[in-house]
Every structure is written in C-alpha cells, then in structure tokens.
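Some notes on the structure that comes next.
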Amino acid sequence: LEHGLKNITVEVKGPGSGRETALRALQARGFKITSIKDMSPMPHNGCRPPKKRRV
Numbered sequence: 179l180e181h182g183l184k185n186i187t188v189e190v191k192g193p194g195s196g197r198e199t200a201l202r203a204l205q206a207r208g209f210k211i212t213s214i215k216d217m218s219p220m221p222h223n224g225c226r227p228p229k230k231r232r233v
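Residue numbers (the numbering used here): 179 to 233.
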C-alpha cells in the first residue's frame, strides 16, 4: 500500500496449505485481489516413474 498498489493479481504455484493463508494475509493487509491464477506445474506425461518395488 505504501507504493500505491491496491488491486493485485495473484499467481500461486504448487499444492499446500500456505496458498489460502497467503491470500488471507494479503487481504488482511488491505489489498483487493482481482484474480487468482494457478501456475502449478502439470506434466504432459513426461518422465516414466520408477518400477514398483517387489518385496
């Protein structure tokens, strides 16, 4: 707010409980969140997973 920012666009990456907490903290500081964009990395069937362990 000291730099004149009021409306913000938020981009979040990855899963976790800190996503909602961070958004609430920004709102508590007086920012108006205009949009939330999820930028989590999603594989397009990339690397093959390791073979299953047999016991």
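Glycine included, each C-beta is placed from N, C-alpha and C at the ideal position.
Which residues does DSSP list as the beta-bridge partners of K191? Its beta-bridge partners do not exist; DSSP assigns none.
Mind checking which residues open and close the alpha helix (DSSP H) that includes L183? Boundaries for L183: no alpha helix (DSSP H) harbours it, and the DSSP string shows neither H nor E there.
For the stretch 214-223 against the stretch 188-202, do three or more pairs of beta-carbon atoms, one drawn from each stretch, fall closer than 8 Å, so that the two count as touching? Touching, yes.
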